[in-house]
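As structure tokens, the structure follows; a few thoughts come after it.
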Amino acid sequence: MRFRHIALAAAMVGLFCLPAHADARDISRDTLPANDGWASAGEGTTGGSAADAAHVYTVTDRAGLVRALDGGSATPKIIRIAGTVDANTDDDGDHLDCADYATDGYGLKKYLAAYDPRTWGAAKPSGPQEEARQASAKKQAERVELLVGSNTTIVGLKGAVLKGGSLQVRNATNVIIRNLDLRDAYDCFPVWQPNTGGLGDWKTAYDTIWLTGSTHVWVDHVTLSDKGHPDADEPTHFARNAPKEQGFPVRVGLSDHRVGPTAGRAESNACGGPCKTDLLGDRQGPAKQEPVEVSLGGTGLNLQPSGRRGRQSLGISTEGAFYAEGLVFAKPSSVEVADLVKSWNGSALHQTGTLFNGYPVDLLAIYNAYNSGSERDLTADVGWTPTLHTKIDSAEAADRAVARGAGAGRIP
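Residue numbers (the numbering used here): 72 to 483.
This is the structure in structure tokens:
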């Protein structure tokens with residue numbers, strides 16, 4: 072397989088790709104090939120491929136998955152998910168809904184009445200209902216946050232689904248997640264943030280995969296969706312109804328996360344609807360901002376970053392330097408090329424071979440022209456060139472490959 076790579080230093084990438092189908096072969100002892108992105112640096116990414124027979128599990132419910140994860144231990148392990156695993160279940164396997172998690176007098180109507188901007192104003196929520204919301208949210212988190220430790224491989228068998236869960240890869244290394252349909256990371260108890268975005272916003276807690284402080288992570292042929300709680304079915308609260316923020320937004324992405332150097336490889340993943348996928352480099356100051364290279368998509372680079380509705384797709388954080396080749400954006404007419412890049416005091420953007428709705432564009436030149444006088448210009452020199460890759464395809468070729476092969480069940 073040929074790959075295309077994006078290199079980030081303290082940068083963010085959004086992605087959107089295409090629906091998935093089924094696959095049958097056993098991939099649980101596969102390892103990331105050599106020279107295949109930053110996750111192949113050093114000793115590479117092997118996940119749980121060294122697991123002995125006692126640490127190879129096939130799980131069919133939450134309880135089995137929790138036992139196999141072993142509290143996020145670093146013991147080499149292979150976890151095969153079969154059928155549909157519902158994270159919102161109790162120890163007996165019975166489904167839990169939002170009412171089962173609510174505690175200390177929390178109620179949505181009470182919460183909305185307490186923090187209605189017309190009466191509460193712009194202050195951060197506080198008091199009994201906010202405290203009850205936090206307690207209720209903690210109960211749900213204890214169920215749906217699933218800690219993934221180092222030296223772990225998680226794969227889906229044919230048709231496998233994990234719904235309602237958030238795979239948490241915290242301060243781990245050498246993790247593989249492949250061929251899995253992840254759905255509906257639904258937060259029952261989002262917090263209202265009056266000062267966000269001018270109009271206020273709801274902040275939800277879960278992404279389907281969430282990484283922080285982790286290195287050598289390979290996420291491959293994973294399908295992400297809000298199936299179960301699509302935004303269109305959600306009521307609107309406090310008139311916050313922008314796309315993906317309608318009512319209580321459902322975060323289905325590969326994840327609000329900070330990753331360290333030699334962090335990861337995300338490829339051929341599929342969103343079954345508009346969704347957010349953010350890959351962030353460490354933002355704790357220039358001294359910590361070592362390069363993070365991420366390759367996305369069927370031949371490496373994923374296409375239609377951040378979805379058809381999304382505007383910002385490439386975010387460059389403080390002193391960040393972003394290296395991208397062959398990006399393909401498919402956007403509605405309401406989105407302009409100038410919307411695609413956002414810099415938070417970033418420094419550099421190298422880009423070549425970018426297509427926007429089928430036309431070649433120069434993101435760097437357009438960004439600098441559009442933001443001249445309001446933000447500092449980005450330079451084209453990021454100071455380094457990615458080397459961990461094989462043949463680089465054109466954007467057009469990568470576009471076709473993603474359409475054919477992205478998502479769970481489509482590993483060649």
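Note that CB positions come from ideal geometry on N, CA and C, so glycine has one too. Keep in mind it's a predicted model, so treat the numbers as computed, not measured.
Among residues of its own chain, excluding the 5 on either side of residue i, which ones have a beta-carbon nearer than 6 Å to its beta-carbon?
| i | result |
| --- | --- |
| Val-262 | Lys-274 |
| Val-226 | Ile-98, Ser-99, Arg-151, Arg-249, Asn-250 |
| Asp-266 | Checking the displayed sequence, the identity of residue 266 turns out to be Asn instead of Asp. Counting only Cβ-Cβ distances below 6 Å, and skipping sequence neighbours, we find Ala-193. |
| Leu-420 | Phe-393, Leu-435, Leu-449 |
| Cys-169 | Cys-259 |
| Ala-185 | Gln-200 |
| Val-412 | Leu-385, Leu-434, Tyr-438 |
| Thr-131 | Ala-153, Gly-154 |
Where residue i and residue j are concerned, what is the direct C-alpha to C-alpha distance, given to the nearest angstrom?
| i | j | result |
| --- | --- | --- |
| Ile-463 | Gly-108 | 12 Å |
| Ala-145 | Asn-245 | 9 Å |
| Gly-271 | Gln-264 | 5 Å |
| Glu-407 | His-292 | 29 Å |
| Ser-414 | Ala-158 | 37 Å |
| Ala-139 | Tyr-128 | 6 Å |
| Ala-208 | Val-215 | 10 Å |
| Arg-447 | Gly-391 | 13 Å |
| Asn-242 | Ser-221 | 8 Å |
| Thr-223 | Val-290 | 12 Å |
| Val-21 | Leu-179 | For the chain, the structure presents residues 72 to 483; residue 21 sits outside this window and is missing. |
| Gly-143 | Arg-254 | 21 Å |
| Arg-189 | Ser-285 | 42 Å |
| Gly-480 | Ile-247 | 16 Å |
| Thr-389 | Gly-417 | 5 Å |
| Ile-280 | His-287 | 15 Å |
| Gly-454 | Gly-478 | 34 Å |
| Ser-197 | Pro-483 | 52 Å |
What does DSSP give as the partner residues of residue i in its beta bridges?
| i | result |
| --- | --- |
| Tyr-430 | Phe-427 |
| Lys-210 | None, per the DSSP bridge assignment. |
| Thr-244 | Thr-286 |
| Thr-155 | Val-232 |
| Trp-415 | DSSP lists no partner for Trp-415. |
| Leu-218 | Gln-239 |
| Tyr-128 | Ile-150 |
| Trp-263 | Trp-273 |
Can you tell me whether DSSP reads residue i as helix, strand or coil?
| i | result |
| --- | --- |
| Ala-276 | coil |
| Thr-190 | helix |
| Val-406 | coil |
| Arg-133 | helix |
| Ile-437 | helix |
| His-166 | strand |
| His-484 | Any answer about residue 484 is impossible in this case: the structure gives the chain only from 72 up to 483. |
| Leu-253 | strand |
| Leu-452 | Per the sequence shown, the amino acid found at residue 452 is Asp instead of Leu. Coil. |
Only counting the same chain, and skipping five residues up and downstream in sequence, which positions put a Cβ closer than 8 Å to that of residue i?
| i | result |
| --- | --- |
| His-166 | Asp-157, Asn-159, Thr-160 |
| Thr-465 | For the sequence presented, residue 465 should be read as Ser rather than Thr. Once the five neighbours on either side are set aside, the close Cβ partners of Ser-465 are Gly-397, Gly-424. |
| Gly-115 | Thr-102, Leu-103, Ala-105, His-287 |
Which residues in the same chain as residue i place their Cβ atom closer than 7 Å to its Cβ, once the five residues preceding and following it in sequence are excluded?
| i | result |
| --- | --- |
| Lys-210 | Tyr-172, Thr-174 |
| Asn-106 | Leu-459, His-460, Thr-461 |
| Thr-155 | Val-232, Lys-234 |
| Arg-133 | Val-156, Asp-157, Ala-158, Thr-160 |
| Lys-181 | Gln-200 |
Are at least three pairs of beta-carbons, each pair with one atom in the stretch 114-121 and one in the stretch 194-208, less than 8 Å apart?
Result no; under three Cβ-Cβ pairs closer than 8 Å.
Within the chosen definition, does the stretch 188-195 reach the stretch 219-233 through at least 3 CB pairs nearer than 8 Å?
Proximity of the stretch 188-195 to the stretch 219-233 falls short of the contact definition, fewer than three beta-carbon pairs being nearer than 8 Å.
Under 8 Å: do the stretch 388-398 and the stretch 423-433 share three or more Cβ pairs, one atom per stretch?
yes
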